[in-house]
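Protein chains in written order, with the numbering used here: chain C, 181 to 389; chain P, 181 to 389; chain B, 181 to 389; chain A, 181 to 389. For glycine and all other residues, C-beta sits at the position ideal for the given N, C-alpha and C. Notes follow once the structure below has been shown.
There are 4 protein chains.
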Amino acid sequence: MSSKQKRLPREVREQQMIDAAIQVFSRSGYHSTSVEEVAEVAGISKPMVYIYLGSKEGLFTACIHREADRLVQAVRDAIRADDPPELGLWQGLRAFFGFVAENRQSWVVLYQQARTQGEPFSHEVAAARARVLDEITAMVVAGTGLPGGGRIISAKDAEILARIATGAADALVDWLLDHPEETPESLSDRVLNLALVGVERATADFPVP
Amino acid sequence: MSSKQKRLPREVREQQMIDAAIQVFSRSGYHSTSVEEVAEVAGISKPMVYIYLGSKEGLFTACIHREADRLVQAVRDAIRADDPPELGLWQGLRAFFGFVAENRQSWVVLYQQARTQGEPFSHEVAAARARVLDEITAMVVAGTGLPGGGRIISAKDAEILARIATGAADALVDWLLDHPEETPESLSDRVLNLALVGVERATADFPVP
Amino acid sequence: MSSKQKRLPREVREQQMIDAAIQVFSRSGYHSTSVEEVAEVAGISKPMVYIYLGSKEGLFTACIHREADRLVQAVRDAIRADDPPELGLWQGLRAFFGFVAENRQSWVVLYQQARTQGEPFSHEVAAARARVLDEITAMVVAGTGLPGGGRIISAKDAEILARIATGAADALVDWLLDHPEETPESLSDRVLNLALVGVERATADFPVP
Amino acid sequence: MSSKQKRLPREVREQQMIDAAIQVFSRSGYHSTSVEEVAEVAGISKPMVYIYLGSKEGLFTACIHREADRLVQAVRDAIRADDPPELGLWQGLRAFFGFVAENRQSWVVLYQQARTQGEPFSHEVAAARARVLDEITAMVVAGTGLPGGGRIISAKDAEILARIATGAADALVDWLLDHPEETPESLSDRVLNLALVGVERATADFPVP
DNA sequence: GATGAATGAGGATTCATTCAT
DNA sequence: AATGAATGAATCCTCATTCAT
Numbered sequence: 181m182s183s184k185q186k187r188l189p190r191e192v193r194e195q196q197m198i199d200a201a202i203q204v205f206s207r208s209g210y211h212s213t214s215v216e217e218v219a220e221v222a223g224i225s226k227p228m229v230y231i232y233l234g235s236k237e238g239l240f241t242a243c244i245h246r247e248a249d250r251l252v253q254a255v256r257d258a259i260r261a262d263d264p265p266e267l268g269l270w271q272g273l274r275a276f277f278g279f280v281a282e283n284r285q286s287w288v289v290l291y292q293q294a295r296t297q298g299e300p301f302s303h304e305v306a307a308a309r310a311r312v313l314d315e316i317t318a319m320v321v322a323g324t325g326l327p328g329g330g331r332i333i334s335a336k337d338a339e340i341l342a343r344i345a346t347g348a349a350d351a352l353v354d355w356l357l358d359h360p361e362e363t364p365e366s367l368s369d370r371v372l373n374l375a376l377v378g379v380e381r382a383t384a385d386f387p388v389p
Numbered sequence: 181m182s183s184k185q186k187r188l189p190r191e192v193r194e195q196q197m198i199d200a201a202i203q204v205f206s207r208s209g210y211h212s213t214s215v216e217e218v219a220e221v222a223g224i225s226k227p228m229v230y231i232y233l234g235s236k237e238g239l240f241t242a243c244i245h246r247e248a249d250r251l252v253q254a255v256r257d258a259i260r261a262d263d264p265p266e267l268g269l270w271q272g273l274r275a276f277f278g279f280v281a282e283n284r285q286s287w288v289v290l291y292q293q294a295r296t297q298g299e300p301f302s303h304e305v306a307a308a309r310a311r312v313l314d315e316i317t318a319m320v321v322a323g324t325g326l327p328g329g330g331r332i333i334s335a336k337d338a339e340i341l342a343r344i345a346t347g348a349a350d351a352l353v354d355w356l357l358d359h360p361e362e363t364p365e366s367l368s369d370r371v372l373n374l375a376l377v378g379v380e381r382a383t384a385d386f387p388v389p
Numbered sequence: 181m182s183s184k185q186k187r188l189p190r191e192v193r194e195q196q197m198i199d200a201a202i203q204v205f206s207r208s209g210y211h212s213t214s215v216e217e218v219a220e221v222a223g224i225s226k227p228m229v230y231i232y233l234g235s236k237e238g239l240f241t242a243c244i245h246r247e248a249d250r251l252v253q254a255v256r257d258a259i260r261a262d263d264p265p266e267l268g269l270w271q272g273l274r275a276f277f278g279f280v281a282e283n284r285q286s287w288v289v290l291y292q293q294a295r296t297q298g299e300p301f302s303h304e305v306a307a308a309r310a311r312v313l314d315e316i317t318a319m320v321v322a323g324t325g326l327p328g329g330g331r332i333i334s335a336k337d338a339e340i341l342a343r344i345a346t347g348a349a350d351a352l353v354d355w356l357l358d359h360p361e362e363t364p365e366s367l368s369d370r371v372l373n374l375a376l377v378g379v380e381r382a383t384a385d386f387p388v389p
Numbered sequence: 181m182s183s184k185q186k187r188l189p190r191e192v193r194e195q196q197m198i199d200a201a202i203q204v205f206s207r208s209g210y211h212s213t214s215v216e217e218v219a220e221v222a223g224i225s226k227p228m229v230y231i232y233l234g235s236k237e238g239l240f241t242a243c244i245h246r247e248a249d250r251l252v253q254a255v256r257d258a259i260r261a262d263d264p265p266e267l268g269l270w271q272g273l274r275a276f277f278g279f280v281a282e283n284r285q286s287w288v289v290l291y292q293q294a295r296t297q298g299e300p301f302s303h304e305v306a307a308a309r310a311r312v313l314d315e316i317t318a319m320v321v322a323g324t325g326l327p328g329g330g331r332i333i334s335a336k337d338a339e340i341l342a343r344i345a346t347g348a349a350d351a352l353v354d355w356l357l358d359h360p361e362e363t364p365e366s367l368s369d370r371v372l373n374l375a376l377v378g379v380e381r382a383t384a385d386f387p388v389p
């Protein structure tokens, strides 16, 4: 059945491998994933992986690169999709939750797996994640309409906002997957509602600097 | 080298092991950590780990348990330490960031490592995290003054708030560590400020349900 | 030393492993045998054993299976080889002693090692031994001419006979190996003679039920 | 609960250990038995075993010695118990099955475990087993009344008979334990009956040498 | 006499990686 | 281009054995 595979061009084979690898890496984690399993899922033999990607680390790095591209592209599309410049916070949140929920595997590989592994990936991953964070920062800024609105936020603040968004989203997507009755939309509602409640209370005793 | 044993009572040795394990686990991740390395850092021999903690998994579980205890206790103390009953959200945030920043390793082990590992830890970790989340939920509720204040939040909403808090904190601690000029206090300021700004903007176009 | 591989097809290597394993298992016993030693004797590296047979237990099981096959086949051949349909008990005994004497290692692995090991092998071994016992039972029944002859023996009795045969053979093979002046034939003579003597004596005082 | 045991005289402690060891050795086999487990069953601590018996091997050897004594004594008692010198074959078989069934653990340790282990025990065990075999030979001879009856059997034949008896008994006791509805007596009946049937058939075509 | 503490040595198992075909 | 065959190097875990108290 699987002996003597059809001779496919390199590009195609490589994508098959990366597809399989992302699937397995996101499910089992970097160390628990064996090259053998990836090869099996990809329907090829182990040596192919080494011929094309060089090593297990190279395979993971390839996943990082490709998924960073996909994420950045997805975020850009989300921004462009809603042409009207006055999106509002809700619109931004919804887009973000929906996006992460729909690109769960990419997200897991880039943000959970990559982070918990030690040194070998620090460089590669840091760069890839920076690109994604930048894009998300842009989206958040655009989504909240902040610079144009009331107070002006600094670059630092925008960064913080992006971190909050990714961190909260990461945690909330887990919750979302455990509560099938909720949707990205309803979750966005809840989050905003909570924020309003909390902040209303807070404004009473909080000495705004 | 260290072949002359120190003959310490079990309790002490156990804590040494767990100390070492948290250090190594948080640095290298669960899978990349070898029991041997933990033993070396703890200044004992491998079999001791197995005699006292049973297995690598048992060792990790012991870390989870102990750090969950420490974390819960620290949060409780932080809340109680400030006599004035009206803490406000700022107080809560500050306590939380402060603790996580000062206990980075515990946090990594509890929240990052534990999450990315597969099944074996689901049970143990879920229980430990539930305890922490409960405590944080309580803190958040107390901090916002809910449900005595404005709107009443449901259990589901409290859960979401706790997730946001932990998720955002996780992401922000990274940022905090990269910006030594900031403190838990100043970060708390920024976060609240941003929330105010965002929400003010949002209230304009957001149809509160 | 043997680092340059011979690149043999799987079937061949598998038989080499099993050959080596039977040798070592029968010499040292299951627990004292290390997979490493088996690999060395087979002239391959440890991982090959795991790739092909899965585990030490799988290796042992493979031995059991193969030797059970060989034994059953040998007994069948021995019976069929002698054309005259009236083989008699002597013929059967001779074939049996001859085979066990010539296949001492197989016998040890199948009957001694397997029995003294605990649970892991109960299933596999029980099945393999049942096949052998069945065959021996058939042989015994054919050899004694039952049930066409005098009394009819029940299934239970046939089982008992087979047990006696294997148990006695086991013990007698030890004796045979210690007495090089004896042959399977002469031993068979002695056994039958003893049986005659004993039973003649017994019929005097034994009240046949 | 178990710290600081009552100071017992050496003799008593030693017997406790050997009792426990026989239990565990016969259940789990030599290699699977850990000194720790024996100590636990004996209700003492591991170092005691080493102080008293020197090593795991010494522990096993002590078991061999003591059980060989017990077995020899039991066989002697069985012989003496039936004073009337004309016991008959059935009487002998019954005594033997009953005896092995009642001394199962000793039997297992001496005959099954000891045999399947490699070199270390060859000497010790061979001597112990020889004593038991001699005694059984005597019992068998007495039980069958052979020397006084029809044909005279040689020393060699007596040895063979003893081997058959022990081998068959070993195999049949397994069967007996699996069939609680049978007793040593009923099994003896079956065996004799089978022997009669078989030999009757055999005498027809068997050329007695 | 008795034990808790401690370890050196060894065995099963897995896995990334490389050849020979 | 593609793969079956093969292995070196870890890693987890266990156990007999010793020492300090």
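Below 8 angstroms on C-beta distance, what does residue i contact in chain B?
| i | result |
| --- | --- |
| A/Q195 | Correct list: empty, because the minimum Cβ distance to chain B is about 25 angstroms. |
| A/T346 | A351 |
Which of the three DSSP states is assigned to residue i in this structure?
| i | result |
| --- | --- |
| B/I224 | coil |
| B/Y210 | coil |
| A/N373 | helix |
| A/D199 | helix |
| A/S235 | coil |
| P/R190 | helix |
| B/T363 | coil |
| P/Q292 | helix |
| A/L326 | With a pLDDT of 49 at A/L326, under the threshold of 50, the predicted position of this residue should be treated as unreliable, though the coordinate-derived value follows. Here A/L326 sits in helix by DSSP. |
| B/S334 | coil |
| A/Q297 | coil |
| C/L267 | For C/L267, the predicted model reports a pLDDT of 49, less than 50, meaning its position is unreliable and no value from the coordinates is stated. |
Starting from residue i, find everything on chain C with Cβ-Cβ shorter than 8 angstroms and list it in chain order.
| i | result |
| --- | --- |
| P/Q293 | T296 |
| P/E339 | W355 |
| P/V371 | I340 and I344 |
Give me the chain P residues within the contact set of residue i, using Cβ-Cβ distance strictly less than 8 angstroms, ordered along the chain.
| i | result |
| --- | --- |
| C/R284 | The premise fails here: C/R284 is roughly 14 angstroms from chain P at the closest Cβ pair, so nothing lies under 8 angstroms. |
Give the C-beta separation of residue i and residue j to the nearest angstrom, bearing in mind that I take them to be a contact with Cβ-Cβ under 8 angstroms.
| i | j | result |
| --- | --- | --- |
| P/L290 | P/I244 | 6 angstroms |
| B/I231 | A/R370 | Rounded, the Cβ-Cβ distance is 49 angstroms, inconsistent with contact. |
Looking at C-alpha atoms only, which residue of the options is the closest neighbour of residue i?
| i | options | result |
| --- | --- | --- |
| P/D257 | P/G278, P/A242 and P/F240 | P/G278 |
| C/A307 | C/L367, C/A338, C/R246 and C/L357 | C/R246 |
| P/A254 | P/S208, P/S286, P/K236 and P/L367 | P/S286 |
| B/D350 | B/G223, B/E315, B/N283 and B/S214 | B/N283 |
| A/A222 | A/G238, A/E237 and A/V204 | A/V204 |
| C/M228 | C/D337, C/E339, C/A348 and C/V192 | C/V192 |
| C/I316 | C/R190, C/D369 and C/A345 | C/A345 |
| A/H211 | A/D199, A/E237, A/K226 and A/I198 | A/E237 |
Counting only Cβ pairs nearer than 7 angstroms, list the residues of chain A close to residue i.
| i | result |
| --- | --- |
| B/L239 | Correct list: empty, because the minimum Cβ distance to chain A is about 17 angstroms. |
Which chain C residues are close to residue i, counting only those with a beta carbon under 9 angstroms from its beta carbon?
| i | result |
| --- | --- |
| P/L290 | Neighbours of P/L290 on chain C: none; closest Cβ ~12 angstroms, over 9 angstroms. |
Which residues of chain A have a Cβ atom closer than 8 angstroms to the Cβ of residue i, listed in chain order?
| i | result |
| --- | --- |
| B/L374 | I333, D337, I340, L341 and I344 |
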